[in-house]
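Just below is one structure, and these are the notes that go with it.
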Amino acid sequence: MIEEEDQFPQSSQHGAREHGSEAMSEFEPGSPDTDVKPADSPTEQTVGVESIPDNAADDPIEGLGTLLEDLPEDSEADGQGAAEAAALITELSQQIETLQAQLKDATEQRTRLAADFENFRKRTQREKEEQEQKIKGDTILELLPVVDNFDRARSQIKPKTDGEKTIHTSYQSVYKQLVDCLKRIGVAPMRPVGEVFDPNLHEAVMREATDQYPEDVVIDEFQRGYLLGERVLRHALVKVAAPPEPVITSGEGESAAEG
Numbered sequence: 161m162i163e164e165e166d167q168f169p170q171s172s173q174h175g176a177r178e179h180g181s182e183a184m185s186e187f188e189p190g191s192p193d194t195d196v197k198p199a200d201s202p203t204e205q206t207v208g209v210e211s212i213p214d215n216a217a218d219d220p221i222e223g224l225g226t227l228l229e230d231l232p233e234d235s236e237a238d239g240q241g242a243a244e245a246a247a248l249i250t251e252l253s254q255q256i257e258t259l260q261a262q263l264k265d266a267t268e269q270r271t272r273l274a275a276d277f278e279n280f281r282k283r284t285q286r287e288k289e290e291q292e293q294k295i296k297g298d299t300i301l302e303l304l305p306v307v308d309n310f311d312r313a314r315s316q317i318k319p320k321t322d323g324e325k326t327i328h329t330s331y332q333s334v335y336k337q338l339v340d341c342l343k344r345i346g347v348a349p350m351r352p353v354g355e356v357f358d359p360n361l362h363e364a365v366m367r368e369a370t371d372q373y374p375e376d377v378v379i380d381e382f383q384r385g386y387l388l389g390e391r392v393l394r395h396a397l398v399k400v401a402a403p404p405e406p407v408i409t410s411g412e413g414e415s416a417a418e419g
């Protein structure tokens, strides 16, 4: 009897250990029936990507403000963090506005400088061309008396002998070369005879009463005028037609005397 009592506690203890191990196995980590998910803490909540507004990229200030409004306010710590974020956003917003104003000023200044440079370039080019035309015109103007002398010689000298004809032909060849050279650089002679008098091109040195030409028509040329492009190098000296004086008959003269 005593031996049986000694064995009972051992078996009882052994069974208890097995029962305890089974009970412990039910609560082992990784068991699908016993895994417990921790509750979401308010302080661990974050704003999801889906909560970012679509226009945040277009307006970073507005986007930051929207994110600030979406922050949780479940605790005093969150409220303090939101206040700090708001202060930071305000400071950054002011910096952005300052930089945007500086960028605008720099852009406007660059635009003004580019416009000033373009105007300067055009003005310089125009002044250069005008200076070139002036120098060219002044040089040609000094050569015009030489051309005038050739014209007079051609119209007045009538060679009679073979020697005179040879000389005449020689200087006429030189005259032709000079005229061709003037044409190549843009010099053109005026042909005023038969045209209406133009004070911009002609200088009237004489008026002649005639019924063969209308009034103010150029009927003769004393000195040829020249143009360089559209610029007048020298005005043409001309004679202009004037209306004929009325003829007084003897009867009209007697009636005028009696009156």
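First residue of the sequence shown? That's 161 in our numbering, and the numbers climb one at a time after it. For glycine and all other residues, C-beta sits at the position ideal for the given N, C-alpha and C.
Can you tell me which residues form a DSSP beta bridge with residue i?
{"i": "Pro-349", "result": "Tyr-386"}
{"i": "Arg-391", "result": "Leu-388"}
{"i": "Lys-399", "result": "Met-366, Asp-380"}
{"i": "Val-356", "result": "Val-377"}
Please report how far the alpha carbon of residue i lies from the alpha carbon of residue j, in whole angstroms.
{"i": "Thr-250", "j": "Arg-270", "result": "30 Å"}
{"i": "Val-339", "j": "Val-307", "result": "8 Å"}
{"i": "Asn-279", "j": "Thr-299", "result": "30 Å"}
{"i": "Gly-354", "j": "Gln-372", "result": "11 Å"}
{"i": "Ala-275", "j": "Ala-402", "result": "55 Å"}
{"i": "Ile-317", "j": "Asn-360", "result": "33 Å"}
{"i": "Leu-259", "j": "Lys-282", "result": "34 Å"}
{"i": "Ser-253", "j": "Phe-277", "result": "36 Å"}
{"i": "Ala-245", "j": "Arg-272", "result": "40 Å"}
{"i": "Asp-256", "j": "Thr-267", "result": "Before going further, note that residue 256 is Ile rather than Asp in the sequence given. Whole-angstrom Cα-Cα distance: 16 Å."}
{"i": "Thr-284", "j": "Gln-291", "result": "10 Å"}
{"i": "His-362", "j": "Phe-382", "result": "11 Å"}
{"i": "Ser-185", "j": "Ala-243", "result": "Bear in mind that a pLDDT of 42 at Ser-185, under 50, signals an unreliable position, so the number given afterwards is only what the model happens to contain. Cα to Cα, the separation comes out at about 50 Å."}
{"i": "Gln-337", "j": "His-328", "result": "14 Å"}
{"i": "Asp-200", "j": "Ala-247", "result": "In this predicted model, Asp-200 has a pLDDT of only 47, less than 50, meaning its place in the structure is not dependable; the value taken from the coordinates is given anyway. Straight-line Cα distance between these residues: approximately 28 Å."}
{"i": "Gly-323", "j": "Asp-358", "result": "44 Å"}
{"i": "Thr-326", "j": "Pro-305", "result": "24 Å"}
{"i": "Ser-333", "j": "Thr-321", "result": "18 Å"}
{"i": "Leu-263", "j": "Gly-241", "result": "32 Å"}
{"i": "Arg-286", "j": "Ala-261", "result": "37 Å"}
What distance in whole Å lies between the Cβ atoms of residue j and residue i, which are believed to be in contact at a cut-off of 8 Å?
{"i": "Arg-314", "j": "Tyr-335", "result": "7 Å"}
{"i": "Val-398", "j": "Asp-380", "result": "7 Å"}
{"i": "Pro-319", "j": "Ala-369", "result": "With 8 Å as the limit, Pro-319 and Ala-369 do not qualify as a contact, their Cβ atoms being about 38 Å apart."}
Does the distance from the CB of residue i to the CB of residue j come in under 9 Å?
{"i": "Leu-301", "j": "Arg-394", "result": "yes"}
{"i": "Arg-391", "j": "Met-350", "result": "no"}
{"i": "Lys-288", "j": "Ile-345", "result": "no"}
{"i": "Val-378", "j": "Pro-406", "result": "no"}
Would a check of beta-carbon distances place residue i closer than 9 Å to chain B?
{"i": "Arg-314", "result": "In the structure shown, chain B does not exist; there is a single protein chain."}
With distances taken Cα to Cα, identify the nearest neighbour of residue i among the options.
{"i": "Val-400", "options": "Glu-375, Gln-316, Leu-388", "result": "Glu-375"}
{"i": "Leu-303", "options": "Gln-316, Thr-326, Val-347", "result": "Val-347"}
{"i": "Gly-427", "options": "Leu-342, Ser-330, Thr-321, Asp-358", "result": "As shown, the chain starts at 161 and ends at 419. That puts residue 427 outside it, with no answer to give."}
{"i": "Tyr-331", "options": "Asn-309, Pro-352, Thr-321", "result": "Asn-309"}
{"i": "Ala-364", "options": "Ser-333, Leu-387, Ala-396, Tyr-386", "result": "Ala-396"}
{"i": "Leu-387", "options": "Gln-262, Gln-293, Gln-240, Leu-263", "result": "Gln-293"}
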